[in-house]
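*Asks:* Just dropping this structure here.
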Amino acid sequence: MQTYKINEVFQSIQGEGAFTGVPSVFIRIQGCPVGCSWCDTKHTWTVDPELKTSSAAVLAKSEPDECWFEATALDLISLMETEGYKARHIIITGGEPCMYDLTSLTSALLDQGFSVQIETSGTFEVIADPRTWVTVSPKVGMQGGYAVLDQPLNVASEIKHPVAMQKHVDDLKALLARPACNSNALVYLQPISQQTRATELAVAQCIDNNWRLSLQTHKFIGIE
Ligand code: SF4
2 MQTYKINEVF QSIQGEGAFT GVPSVFIRIQ GCPVGCSWCD TKHTWTVDPE LKTSSAAVLA
62 KSEPDECWFE ATALDLISLM ETEGYKARHI IITGGEPCMY DLTSLTSALL DQGFSVQIET
122 SGTFEVIADP RTWVTVSPKV GMQGGYAVLD QPLNVASEIK HPVAMQKHVD DLKALLARPA
182 CNSNALVYLQ PISQQTRATE LAVAQCIDNN WRLSLQTHKF IGIE
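Plus 1 on top of the position in the sequence shown (first one is 1) and you've got the numbering used here.
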């Protein structure tokens, strides 16, 4: 069975987008080459073989944040049972989880009755069980030089666009205008880093375009 490199597993509340407020287990996958300057999970960027550790060490947070462990879908389901997690919604995030084939992980979780959401930058094809909720948070023009692809926009259930300036709104409009983009996807604007100007811009643009506002509510209440 396929294994995945896991940086973090924890239970919390989804703070963003369509599932805001839903109790969730977050599975954070190690590895991301996209290079967003404001990234708040830079410790997930590199997969250093020297930093491979155990699931127990990762859960106990007893090692550096850059550490990771290897697990199959069944290992992760068993780990969630052992931890006594009650949430029935699973969020596969990163890092950039779509660097990897997520079919075995998403199918196993869905078959166990969980709802499953992937959070991706849109710069890699989404290879996952088609029942998965796909959240594309498009990262346009980042340092890593990756383009936002048509395929993730096509399978997107929601498009949650980070915004700090008008250029980001223009970037979103260009993505939505692509023929491949799913016209039924929910569209959210999310102010970057809770900046006041970004929030004011996002509110105005949501009203103008009939988009939705996504706030990183977990940061307002100080939870992970
Ligand atoms: S895609 Fe996500 S994990 Fe990767 S650099 Fe950007 S914000 Fe960070």
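No residue lacks a Cβ here, since even glycine has one placed at the ideal position from N, Cα and C.
#1: Just mark Thr197 as buried or exposed, buried being the case when its beta carbon has 16 or more other beta carbons within 10 Å.
#2: Return yes when at least one heavy atom of the ligand SF4 lies under 8 Å from the C-beta of Thr45, else no.
#3: I want to check one thing, is the minimum distance from the CB of Ser122 to the heavy atoms of the ligand SF4 below 8 Å?
#4: Extract the residue ranges of the beta strand (DSSP E) inside the stretch 145-208, only unbroken runs of 3 or more that lie entirely within it.
#5: Taking Ala57 as the reference, give the member of Leu80, Thr45, Val48 with the closest Cα.
#6: Could you tell me how far apart the beta carbons of Arg179 and Leu154 are, in whole angstroms, since I believe they sit closer than 8 Å?
#7: Applying the criterion that 16 or more other CB atoms from any shown protein chain within 10 Å of the CB defines a buried residue, is Lys161 buried or exposed?
#8: Considering only residues of the same chain and omitting the five flanking positions on each side of Pro34, which have a CB-CB separation below 6 Å?
#9: Can you give me the Cβ contacts of Ile159 inside the same chain, cut-off strictly under 6 Å, excluding the 5 residues immediately before and after it?
#10: Does the structure place the stretch 91-101 close enough to the stretch 112-132 that three or more beta carbon pairs sit under 8 Å?
#11: Hey, is Trp69 close to the ligand SF4, as in C-beta under 8 Å from one of its heavy atoms?
#12: Give every residue of the same chain whose Cβ lies closer than 8 Å to the Cβ of Gln195, excluding the five residues on either side of it in the sequence, and list them in chain order.
#13: Val164 to Gln191, Cα distance in whole Å?
#14: Going by DSSP, which residues form a beta bridge with Phe27?
*Replies:* Taking the structure as given:
#1: exposed
#2: yes
#3: yes
#4: 159-164, 187-192
#5: Leu80
#6: 6 Å
#7: buried
#8: Gly145
#9: According to the sequence as given, residue 159 is Glu; it is not Ile. Correct list, in chain order: Gly18, Ala19, Thr136, Ala186, Leu187.
#10: yes
#11: no
#12: Leu216, Gln217, Lys220, Phe221
#13: 6 Å
#14: Phe11, Ile92
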